[in-house]
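Here the structure is laid out as C-alpha cells; the discussion comes afterwards.
Numbering (the numbering used here), first residue to last: 378 to 628.
Given below as C-alpha cells:
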C-alpha cells in the first residue's frame, strides 16, 4: 500500500530499461526501499537496470515482457502481481523511430502503432484487471505532448501517443468507481539515448525532472500533468492555432 507520505511498497515498471521509468523508480527509492518488478526482454540492459536499482536499495525482480508480443502481456502482468501486491505500475515503453521513414514504410509505421498504442492498450487492460482484483493501486502512464496535435515532423509517432493518451484518459474514468487511480504524464522533449543527435525542442527536460514531476503527481493524486509544467500553456495555444498558420510554425 502507498503510505501516508505517498511512498509505495512496490512498483512494476513495464519497459524495464526505460530511462524515464528507471528515474521514477530511483525517485521512489529516495523515500525508502521497495519491491520493484522490471518487465522487459531478458538482456544485458535489463540486468544492468536491475543491478542499478538494487544498488539504490530496491528489492528487484524481473519478468519477461516484449511490447511487440501481445501473447506475453497478460502473463507478464499476472506474474508481477503473483509475487505480491503492486502499488504503482508504470507504463514506460515506446518507440520513437525515424519519422520520415515511418510514414513511407508500412512495416515501420505498423511497428510504431503496435508498440506505442496496441501494446499500451493491452497492458492497460491487464493492469486494470489485476488492480481491480487487488482493490488498490495506481497506474502511471507516460504519454507525450506529441499526441496533443499532429505535426508534419512526427505525425506517425504523435498519432500513436494520441491514441495511447486517449485510452488512459478513458481508463481513468472507468477505474474511478473501483478506487484505482491513473496518472498520465505528458513529457516534451527529453534528453535520453532515444533522442541523442536530435535538435532539442524548447522546454526540453531530463528523465530525472520528469520523474520528479511524475512521482509528485501520483503522491498528490493528480490525473494529468505536463513535464515541464509550462508545456500545458504552450500546447493549449498550439491546439487552437488555425491549420494554415500552424503548418508554417517551426514546431
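Where is the CB? At the ideal position from N, CA and C, for every residue including glycine.
Starting from residue i, trace the beta strand (DSSP E) both ways and give me its first and last residue.
| i | result |
| --- | --- |
| residue 387 | 387-391 |
| residue 516 | 515-519 |
Over the uninterrupted alpha helix (DSSP H) stretch that includes residue i, give me the two end residues.
| i | result |
| --- | --- |
| residue 466 | No alpha helix (DSSP H) contains residue 466, which is instead part of the beta strand (DSSP E) from 465-468. |
| residue 477 | 476-479 |
| residue 572 | Where residue 572 is concerned, there is no enclosing alpha helix (DSSP H), given that its DSSP letter is neither H nor E. |
| residue 436 | Unbroken run through residue 436 is the beta strand (DSSP E), 436-441; no alpha helix (DSSP H). |
| residue 523 | No alpha helix (DSSP H) holds residue 523; DSSP gives it neither H nor E. |
| residue 612 | 608-616 |
| residue 510 | 496-511 |
| residue 433 | Looking at the DSSP string, residue 433 is not in any alpha helix (DSSP H), and its letter there is neither H nor E. |
| residue 535 | 532-552 |
| residue 483 | 483-490 |
| residue 339 | This structure cannot settle anything about residue 339, because the visible part of the chain is limited to 378 through 628. |
Among residues of its own chain, excluding the 5 on either side of residue i, which ones have a beta-carbon nearer than 8 angstroms to its beta-carbon?
| i | result |
| --- | --- |
| residue 572 | 473, 566 |
| residue 461 | 387, 412 |
| residue 557 | 505, 508, 509, 513, 514, 515, 516 |
| residue 623 | 526, 615 |
| residue 455 | 503, 507 |
| residue 480 | 486, 532, 533 |
Within 10 Å of its beta-carbon, does residue i have 16 or more other beta-carbons around it, so buried, or fewer, so exposed?
| i | result |
| --- | --- |
| residue 512 | exposed |
| residue 582 | buried |
| residue 614 | exposed |
| residue 562 | buried |
| residue 607 | exposed |
| residue 551 | exposed |
| residue 401 | buried |
| residue 487 | exposed |
| residue 604 | buried |
Tell me the DSSP secondary structure of residue i in three-state form.
| i | result |
| --- | --- |
| residue 599 | coil |
| residue 415 | strand |
| residue 557 | coil |
| residue 563 | strand |
| residue 577 | coil |
| residue 582 | strand |
| residue 604 | strand |
| residue 444 | coil |
| residue 619 | coil |
| residue 408 | coil |
| residue 348 | Residue numbering for the chain in the displayed model covers 378 to 628; residue 348 lies beyond these limits and cannot be assessed. |
| residue 423 | helix |
| residue 397 | helix |
| residue 568 | coil |
| residue 379 | coil |
| residue 593 | helix |
Since residue i and residue j are thought to touch, with beta carbons under 8 angstroms apart, how far apart are those beta carbons, to the nearest angstrom?
| i | j | result |
| --- | --- | --- |
| residue 564 | residue 587 | 5 angstroms |
| residue 399 | residue 430 | 7 angstroms |
| residue 559 | residue 516 | 5 angstroms |
| residue 491 | residue 445 | 6 angstroms |
Sorted by chain position, which residues of the same chain lie with C-beta nearer than 6 angstroms to residue i's C-beta, five sequence neighbours on each side aside?
| i | result |
| --- | --- |
| residue 389 | 414, 457, 463, 466 |
| residue 406 | 433, 434, 435 |
| residue 499 | 447, 450 |
| residue 403 | 433 |
| residue 548 | 501, 559 |
| residue 494 | 537, 540, 541 |
| residue 626 | none |
| residue 374 | No answer is possible for residue 374: it lies beyond the span of the chain, which begins at 378 and ends at 628. |
Counting only the same chain and skipping the five closest in sequence on each side, list residues whose C-beta sits under 7 angstroms from that of residue i.
| i | result |
| --- | --- |
| residue 395 | 469, 470 |
| residue 426 | 393, 394, 399, 415 |
| residue 598 | 558 |
| residue 535 | 523, 524, 527, 528 |
| residue 521 | 538, 563, 564 |
| residue 378 | 386, 464, 513 |
| residue 437 | 413, 415, 427, 430, 431 |
Chain C beta carbons: is any one of them nearer than 8 angstroms to that of residue i?
| i | result |
| --- | --- |
| residue 568 | Considering every chain present, this structure includes no chain C. It has just one protein chain. |
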